[in-house]
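The structure appears below as C-alpha cells.
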Amino acid sequence: MNNTINSLREQIDLIDDEMTSLLVRRLNVCAEIAEEKRLSGVPVENLSREREVLARAASRAGEQFAAYAQQFFSCVMDISKRFQTNLLGKSDTGEKMQ
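When you number the sequence shown by the numbering used here, it's gap-free, plus one each residue, and the end is 223.
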C-alpha cells in the first residue's frame, strides 16, 4: 500500500490512542458523577446537560464538522450513561440489575 496512506494511518493510530486515554479519563470522572448522583438521588440522564454538550461540540467543531461532532458526543454520552447506570446497579429502566 502507498507510503502516504500508511503514514496517515499511523497518525490516526496515535490520535486513536489519545482518544482512548481521554475516554478512560472521562469515564473515571463519570464514576465520580455517578456517586454524587447516587448520594443526591439525581437521575443518570440529564437532557438539558446533553443539549449543552452537543451545542458546545457543534460550535467548537465548526460548520463543516458540527453534525459529526454532535453524533460523536451523542455516542460518548450514551456510553457514559450506560457506564453510570451499571455503576449504580440499575438497568436502563431504573430497575436494579440482577
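In this text, a Cβ means the ideal position worked out from N, Cα and C, and glycines have one as well.
Could you compute how far the alpha carbon of PHE208 sits from the alpha carbon of ALA186?
Here residue 208 refers to the residue found at position 83 of the sequence shown. Here residue 186 refers to the residue found at position 61 of the sequence shown. The straight-line gap from Cα to Cα measures roughly 26 angstroms.
Beta-carbon within less than 6 angstroms of ARG169's beta-carbon, same chain only, minus the 5 sequence neighbours each way: which residues are those?
Numbered from 1 along the sequence shown, position 44 holds the residue referred to as residue 169. Checking the displayed sequence, the identity of residue 169 turns out to be Val instead of Arg. Same-chain partners within the cutoff: LYS206, GLN209 and THR210.
Contact check, LEU212 vs ALA156 under 8 angstroms by CB: the rounded distance?
Within the sequence shown, residue 212 is the residue found at index 87, counting from 1. Within the sequence shown, residue 156 is the residue found at index 31, counting from 1. Contact flag correct, Cβ pair sits at about 6 angstroms.
To the nearest whole angstrom, what separates the beta carbons of GLN195 and LEU179, a pair I think is in contact under 8 angstroms?
Within the sequence shown, the letter at position 70 stands for residue 195. Within the sequence shown, the letter at position 54 stands for residue 179. Confirmed, about 5 angstroms.
Which of helix, strand or coil does DSSP assign to THR218?
Mapped onto the sequence shown, residue 218 falls at position 93. Note on THR218: pLDDT 45, under 50, position unreliable in the model; the coordinate value appears next. If DSSP states are grouped into helix, strand and coil, THR218 belongs with coil.
With DSSP collapsed to three states, give me the class of GLN209.
For the purposes of this step, residue 209 is taken as residue 84 along the sequence shown, with counting starting at 1. If DSSP states are grouped into helix, strand and coil, GLN209 belongs with the helices.
What does the Cβ neighbour count give for ALA159, buried or exposed, with the cut at 16 atoms within 10 Å?
As a position in the sequence shown, residue 159 is number 34, starting the count at 1. Buried, since its Cβ has 16 or more Cβ neighbours within 10 Å.
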